Amino acid sequence: MASVVQTPAVYIIAIFAILLCEVQVNGQVFYAPQIEALSPTGLRLTFENTGFNKFAFHGNINIPIKVGEEGSISKALDTPPEAETVTFTLNVPLKIGDTIYYYIFFESQKGTELFITDLEYKVTKFVNEDNRLVEPVPLQLPLSSEEDNNDDTSQTPSLFCIVSITEMKGQIDVCEGSLIFSEEFSQEHPRELTQWDVLNQFIGEPAYSFNMYRPDETISLKDGSLVITPILTESIVPPLLPPLDLSDRCTGKIDTLECKRDGTGIQLIPPVTTGKITTRRTFSFKYGRVEVRAKLPSGKWILPEINLEPTDYIYGWDNYASGLVRIAFSRNGEDPVLRNYVIGGPVYSGSKIYNALFLGSEGDNWFTDFHNYSMTWTPEAFIFRVDGKDIGRFTYDKSNAEDLKDKIKHASNWKKGTKMAPFDEMFHLTLGLRVGGVNEYKDSNSKPWKNLASKAMIQFWRAKEEWLPSWSYGAMMIDYVKVYAL
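Here the sequence shown is numbered in this note's numbering, starting from 1355 and rising by one per residue.
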């Protein structure tokens, strides 16, 4: 039922309804919008465009509103829309039982102003962006510090959402599309990075890189970015040959070459020191979308690590048996083709063949500008993007265990998992730098070491005058890291 009160060129109409309704003024039809509560938080308004110059929506949650009041939620269109159906979404936290009191405003093409008032919408259900009905799964909101100190034991409101297939270690349910991890690196000192732990250890198989991880002088924060810089080990541990014991702070396996080396034979002290941080202790997840804004390092033989690494090593520790995912990677060396490509992809084994099953995007400024690197991980595929552009995807029609059984020895371990195994378990974020190694680069006349040589690390070090001058821009910079539920 509606009543119309006319003033000069202004119509105020009261409508006692919550469904789509039609109003005619001077022969022109206007539609009050259809309202829907969206999961996990949102309000969607949809109405037919019958021709108008301006539109406005003003409302309150659980508080009546009068014409002329701004309201706690509002939306205005000051120019005529082109679409036949107008839809927009407001970011509003709602729960079952909430009532939205609102009014709407139109200005006709002839300049007539119309207010449709006394409208109400009660939240009885939620839908998602595809109009699917959402099963109400309550998520308890955390208490604020003020509420936490209050003696009142009343419950905080609950949101309702579609439960995502994304899993977080230590949490039961995750909402579809929700932000589950965020790091902006806005702190002043690395010790304030409470979501991350630094690594302090030597590197073993399968990479056998020519560096070790130590946070001192390699990890810093500058202008809102994480900076990881390679340095010569002799600058902090001179000279290179005496024993070096990291056991007091070692993050590797105690009583192994990851924590202590005597400087001889296979126990050489690496000539380069870099940094690496990890969320293994604080944040692990399965399936989701990772976004990283980064400037990759320049300099011969420096390798960026923007990875997902296995948290529990369900399928084994050796030779990447439990997998690894490179979100953004580049091989800096003599090969100009490889240098111009940024790469992303899953790693199944440490061998050169299966360490190179990657998809790439060609460019020449990965080292001078920040770029957005994205990886979407589902139970069916990996999808990689750079600056919003797809650079490729991996889909799985049959299991990795079956597909790679004759090529990778530990593929048999994956039979106990899904077809995505080993990429069907919890993984965590790692950010770091590596240098050289015996698997990443093919032997060539321009490479100063041979991969199978027993003294490969010494060969690399003796060629210092060839590669060190290129390290002026050898640092990697990370602006932010975000992870979203699917």
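Each residue gets a CB set at the ideal place from its N, CA and C atoms; glycine is no exception. What you are looking at is a predicted structure, and each value in this text was computed from that prediction instead of being measured.
Residue environment, residue i, which counts as buried when at least 16 other CB atoms sit within 10 Å
i            : result
residue 1610 : exposed
residue 1632 : buried
residue 1603 : exposed
residue 1819 : exposed
residue 1483 : exposed
residue 1526 : exposed
residue 1826 : exposed
residue 1522 : buried
residue 1542 : exposed
residue 1634 : buried
residue 1832 : buried
residue 1751 : exposed
residue 1806 : exposed
residue 1421 : exposed
residue 1502 : Any reading at residue 1502 is ruled out, since the residue's pLDDT is 41, under 50, leaving its predicted position unreliable.
residue 1579 : buried
residue 1685 : buried
residue 1540 : exposed
residue 1546 : exposed
residue 1465 : exposed
residue 1723 : exposed
residue 1756 : exposed
residue 1735 : exposed
For residue i, the first and last residue of its enclosing alpha helix (DSSP H)
i            : result
residue 1801 : Looking at the DSSP string, residue 1801 is not in any alpha helix (DSSP H), and its letter there is neither H nor E.
residue 1812 : 1810-1816
Cutoff 7 Å; reference residue i; Cβ partners in own chain excluding five residues on either side
i            : result
residue 1601 : 1608, 1613 and 1614
residue 1537 : 1549, 1834 and 1835
residue 1823 : none
residue 1621 : 1611 and 1615
residue 1670 : 1676, 1764 and 1767
residue 1560 : 1673, 1674, 1704 and 1793
residue 1732 : 1641 and 1840
residue 1455 : 1413, 1414, 1417, 1418, 1419 and 1474
residue 1596 : 1617
residue 1444 : 1396, 1397, 1427 and 1429
residue 1463 : 1405, 1406 and 1407
is_contact[residue i, chain B] using C-beta, thresh 8 Å
i            : result
residue 1787 : Considering every chain present, this structure includes no chain B. It has just one protein chain.
Residue interval of the beta strand (DSSP E) (run including residue i)
i            : result
residue 1806 : Segment: none, residue 1806 is in no beta strand (DSSP E) and carries neither H nor E.
residue 1461 : 1453-1461
residue 1413 : 1408-1415
residue 1391 : 1388-1391
residue 1855 : In this structure the chain extends from 1355 to 1840, so residue 1855 is not present and cannot be described.
residue 1731 : 1725-1731
residue 1741 : Counting along the chain, residue 1741 falls outside any beta strand (DSSP E), and DSSP gives it neither H nor E.
residue 1543 : Where residue 1543 is concerned, there is no enclosing beta strand (DSSP E), given that its DSSP letter is neither H nor E.
residue 1787 : 1781-1789
residue 1637 : That residue, residue 1637, is in no beta strand (DSSP E); it is neither H nor E in DSSP.
residue 1486 : From DSSP, residue 1486 is part of no beta strand (DSSP E); its letter is neither H nor E.
residue 1837 : 1830-1838
residue 1826 : It is not in any beta strand (DSSP E) - residue 1826 carries neither H nor E in the DSSP assignment.
residue 1697 : 1695-1701
residue 1440 : 1439-1444
residue 1722 : Per DSSP, residue 1722 belongs to no beta strand (DSSP E) and is neither H nor E.
residue 1398 : 1397-1402
residue 1429 : 1427-1431
residue 1627 : 1626-1628
Cut-off 6 Å between Cβ atoms - residues of its own chain near residue i, not counting five sequence neighbours on either side
i            : result
residue 1667 : 1676
residue 1553 : 1567, 1605 and 1630
residue 1425 : 1412, 1413, 1414 and 1419
residue 1557 : 1563
residue 1753 : 1773
8 Å Cβ shell around residue i - same chain, five flanking residues per side excluded
i            : result
residue 1555 : 1566, 1567, 1600, 1604, 1605, 1606, 1612 and 1613
residue 1524 : none
residue 1374 : Interpretation of residue 1374 is limited by its pLDDT of 41, a score under 50 that renders its predicted location unreliable; the figure taken from the coordinates is listed afterwards. These residues qualify, in order along the chain: 1385, 1386, 1387, 1388 and 1401.
residue 1585 : 1571, 1572, 1626, 1627 and 1628
residue 1487 : 1479, 1480 and 1481
Of all the alpha helix (DSSP H) runs that stay within the bounds of the stretch 1751-1778, which reach a length of 4 or more residues?
1754-1757
Could you name each continuous beta strand (DSSP E) segment of 3 residues or more that falls completely within the stretch 1565-1618, going from the start of the chain to the end?
1565-1567, 1573-1576 and 1579-1582
Touch check for the stretch 1631-1650 and the stretch 1800-1812: three-plus C-beta pairs under 8 Å?
Touching, no.
What are the start and end residues of each continuous alpha helix (DSSP H) run of 4 or more residues lying completely inside the stretch 1644-1679, in chain order?
none
Under 8 Å, with one C-beta from each stretch per pair, do the stretch 1647-1667 and the stretch 1740-1759 reach the 3-pair mark?
no
Should the stretch 1783-1792 be regarded as contacting the stretch 1556-1570, the criterion being three or more beta carbon pairs within less than 8 Å?
yes
Are there three or more Cβ pairs, one per stretch, closer than 8 Å when the stretch 1384-1395 is compared with the stretch 1426-1433?
The stretch 1384-1395 is not in contact with the stretch 1426-1433.
Mind the definition here: the stretch 1672-1681 touches the stretch 1697-1706 only if three or more C-beta pairs lie below 8 Å; say whether that holds.
yes
Does the structure place the stretch 1434-1451 close enough to the stretch 1399-1410 that three or more beta carbon pairs sit under 8 Å?
yes
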